[in-house]
Amino acid sequence: MPNASNRDRGLTSLERSRVVVVGASLAGLRSVDSILRAGYSGEVILIGDERHPPYNRPPLSKEALSSSEGFDAIKLRSSTKPDSYKMILGVGARALQLEEKTVILEDDTLIEFDGLVVATGLRSRALAIPKPKNGIFSLRSFDDLEAIKGALIRAGMRIAIIGAGFIGAELAGTLTNLGHMVTIVAPEEVLMQRPLGNVLGGAIGRHHRERGVELCLGRLPLEIESGSDGFTLYCDDGTIIRADLVIEAIGSIPNVEWMQQNGLDLGNGVLCDETLRFGHGGANFAVGDVARFPNLAFDEVPRRIEHWGIAVDSGRYLGKAMVSLLTSGTIPTSFKPMPAFWSDQFDLRIQSFGIPGLVVDPSQIRILEGDIDTEVAMGYFQEETMVGVVLIGLGQSHMKYRDEVEKSLKSR
Numbered sequence: 001m002p003n004a005s006n007r008d009r010g011l012t013s014l015e016r017s018r019v020v021v022v023g024a025s026l027a028g029l030r031s032v033d034s035i036l037r038a039g040y041s042g043e044v045i046l047i048g049d050e051r052h053p054p055y056n057r058p059p060l061s062k063e064a065l066s067s068s069e070g071f072d073a074i075k076l077r078s079s080t081k082p083d084s085y086k087m088i089l090g091v092g093a094r095a096l097q098l099e100e101k102t103v104i105l106e107d108d109t110l111i112e113f114d115g116l117v118v119a120t121g122l123r124s125r126a127l128a129i130p131k132p133k134n135g136i137f138s139l140r141s142f143d144d145l146e147a148i149k150g151a152l153i154r155a156g157m158r159i160a161i162i163g164a165g166f167i168g169a170e171l172a173g174t175l176t177n178l179g180h181m182v183t184i185v186a187p188e189e190v191l192m193q194r195p196l197g198n199v200l201g202g203a204i205g206r207h208h209r210e211r212g213v214e215l216c217l218g219r220l221p222l223e224i225e226s227g228s229d230g231f232t233l234y235c236d237d238g239t240i241i242r243a244d245l246v247i248e249a250i251g252s253i254p255n256v257e258w259m260q261q262n263g264l265d266l267g268n269g270v271l272c273d274e275t276l277r278f279g280h281g282g283a284n285f286a287v288g289d290v291a292r293f294p295n296l297a298f299d300e301v302p303r304r305i306e307h308w309g310i311a312v313d314s315g316r317y318l319g320k321a322m323v324s325l326l327t328s329g330t331i332p333t334s335f336k337p338m339p340a341f342w343s344d345q346f347d348l349r350i351q352s353f354g355i356p357g358l359v360v361d362p363s364q365i366r367i368l369e370g371d372i373d374t375e376v377a378m379g380y381f382q383e384e385t386m387v388g389v390v391l392i393g394l395g396q397s398h399m400k401y402r403d404e405v406e407k408s409l410k411s412r
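Using the UniProt record's numbering, the letters of the sequence shown correspond one by one to residues 1 to 412.
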C-alpha cells in the first residue's frame, strides 16, 4: 500500500498553484467541477487524449448505437463556467515525473503541477490470437461507435460478439433490436458469470435466447480469418462461426503506462489508499475506474470498480480532498462509496448495489423477492452480511435494497 498518512505541507497560496487532471473523462470532468466548487482559486487544467470533450460512455452500447443522434446527445455538461478551467484535447500524457511534479504530453509539452488527478480510465482489451489487422471492432469510445455504425451497411447482418460481459450483452440486445443476427461467443458458461453468478446470469441468458441471440458459451475463439464473404471464427471445441462483423468485448486495460518509472504499483490500475491518494507524499489522486483503492465500507482490499457511479462519486469526493490537502495538509474523510451499476438489455433493467462479485459461493446468493425468470431481487452474502444486491425489474424497490445493503454493512 502507498503511504496512507494524510499529513502534507499545505500551500501558502492557492492562487499561485495548479491542479492538472489527466483524463477528460466523466471522472475527470466531475473532479474539475468539485475542485472548483470546493473553493480552489488556482489554475485547473483538464487534459484528454481524445479530440472530443468529455462524454457519457454507457449509452454507446445502447441508445447511441440505435439512434441517429450525434455527439451532442452524449456530451457531458460541466457545472462550472467554461472559462474557470483550461481544457487541452487531442493530446494525451506520455510520461509522469512525480518527484519533479511534471506531466509530459505526447507533443513534448511539459506541465508542472501542485496537485495531480489521474482519470485516464481504461481501453479495450484485444484477443491475442491470429486475426486480421482490420475489420474487427471494439467499443470504448465515440470514435469506436462511429466505426461500428459505419460498418452496419445493411439489415440482417451476421454479427459475432466475443465476450459475455455487460458490454457484450448490451450490444447483443441493441443489435438484435436493430434487426441483425447476433451470436455471443465466450469461454464463460453463462452470461455475466463473474459479476452475477450462474443463476442470475443463466436467467438473463435465457432472456437473450428467447429474443433471438445465439449463445455459443463455453467456447474460446482460437483464430479469426477474413475472406470475401466476411469472417470465420474457429473455436477450441471445433465450432465454426461465420460473421459479417466481429466485435471484441472481452474487458478493459487501465491506461497507466505513462505513469511508469515512478516506483508506483500499477499492476491493475493505480494503487491508492482509502482517500484515493497515491505515491509517497504530494497531492496525487486517482479517480474513476483506473483507481484501485480499499473501500473500507466493505474491507481493506484494494479494488478497481468499473462503474459509472464510481466515476461520479470519486470525482465529487476529490474536490474537498484535494483542496483540504493543499491548504491544511489533511484529508478529512476516506472514500467509502456504495457501488452501483445498471444495465439495459432488451426490456430488462438490471440494477445492482454493493459488490456482488465478492461472493463466489452459490449457497450465499439468495432470492430476496420475486421470481428468477420475471422480476427478482438477489442478495449476495458473506456469512450474514449482505454485501450486494442485484435486481431485475422491481424498480420501486431499488432504494429499499440499497438501504438494506448499507445497513447490513454497518452492522457487521
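Positions of the beta carbon are idealized from the N, C-alpha and C atoms, including for glycine.
Is residue i helix, strand or coil when you go by DSSP?
i	result
K149	helix
A203	helix
T120	coil
S41	coil
K101	coil
T275	coil
Y85	coil
L215	strand
A95	strand
T80	coil
G388	strand
E15	helix
V256	coil
L409	helix
A160	strand
What residue from the options has the CA that sits closest to residue i's CA?
i	options	result
A38	W342, Q351, L318 and V256	L318
D236	I129, K336 and M322	I129
Y40	L368, Q351, S324 and S397	S324
S397	S408, E369 and E383	E369
F353	L215, W342, N262 and G201	W342
S366	M386, L96, M399 and V246	Residue identity differs from the one stated: residue 366 is Arg in this sequence, not Ser. Closest option to R366, Cα to Cα, is M386.
R158	L233, S67, D114 and D244	D244
G28	G393, R316 and F346	R316
L217	L98, G163, L264 and R194	G163
V22	M87, A119 and D108	A119
G395	V359, S61 and R349	R349
E248	V19, N134 and Y380	N134
To the nearest angstrom, how far is the alpha carbon of residue i from that of residue j?
i	j	result
G267	H52	28 Å
R351	L391	First, the amino acid is wrong: residue 351 is Gln here, not Arg. Computed Cα separation, rounded: 5 Å.
V190	E43	49 Å
G156	H180	4 Å
P58	E112	33 Å
E406	R242	47 Å
Q382	S411	13 Å
V256	T102	16 Å
K81	L116	21 Å
A160	P132	15 Å
G150	D273	43 Å
G168	T330	43 Å
M378	G202	13 Å
L145	A24	18 Å
R254	A291	Here residue 254 turns out to be Pro, not Arg, going by the sequence shown. The alpha-carbon atoms of P254 and A291 are separated by roughly 9 Å.
A172	R219	17 Å
R140	G92	16 Å
I47	I104	11 Å
G165	D143	21 Å
I74	L152	21 Å
T109	G238	52 Å
S314	V270	14 Å
Could you give the C-beta distance for residue i and residue j, rounded to a whole number, given that I count them as a contact under 8 Å?
i	j	result
V213	I372	With 8 Å as the limit, V213 and I372 do not qualify as a contact, their Cβ atoms being about 19 Å apart.
L175	V185	That pair is no contact at about 14 Å.
L127	S252	Not quite, the Cβ-Cβ distance comes to about 13 Å (not below 8 Å), so this is no contact.
W258	L96	6 Å
D344	E170	7 Å
Where do the ends of the alpha helix (DSSP H) carrying residue i lie?
i	result
F335	Here F335 belongs to no alpha helix (DSSP H), and DSSP marks it neither H nor E.
R154	From DSSP, R154 is part of no alpha helix (DSSP H); its letter is neither H nor E.
T174	F166 to N177
E63	E63 to S66
R292	Segment A291 to P294 is the beta strand (DSSP E) holding R292; no alpha helix (DSSP H) there.
A311	W308 to S328
Q396	Here Q396 belongs to no alpha helix (DSSP H), and DSSP marks it neither H nor E.
Start and end of the beta strand (DSSP E) containing residue i?
i	result
S352	L348 to G354
G370	I365 to G370
M181	M181 to A186
V22	R18 to V22
M378	V376 to Q382
Y234	G230 to C235
V246	L245 to E248
L110	L110 to E112
P221	P221 to G227
A286	A283 to A286
S138	I136 to S138
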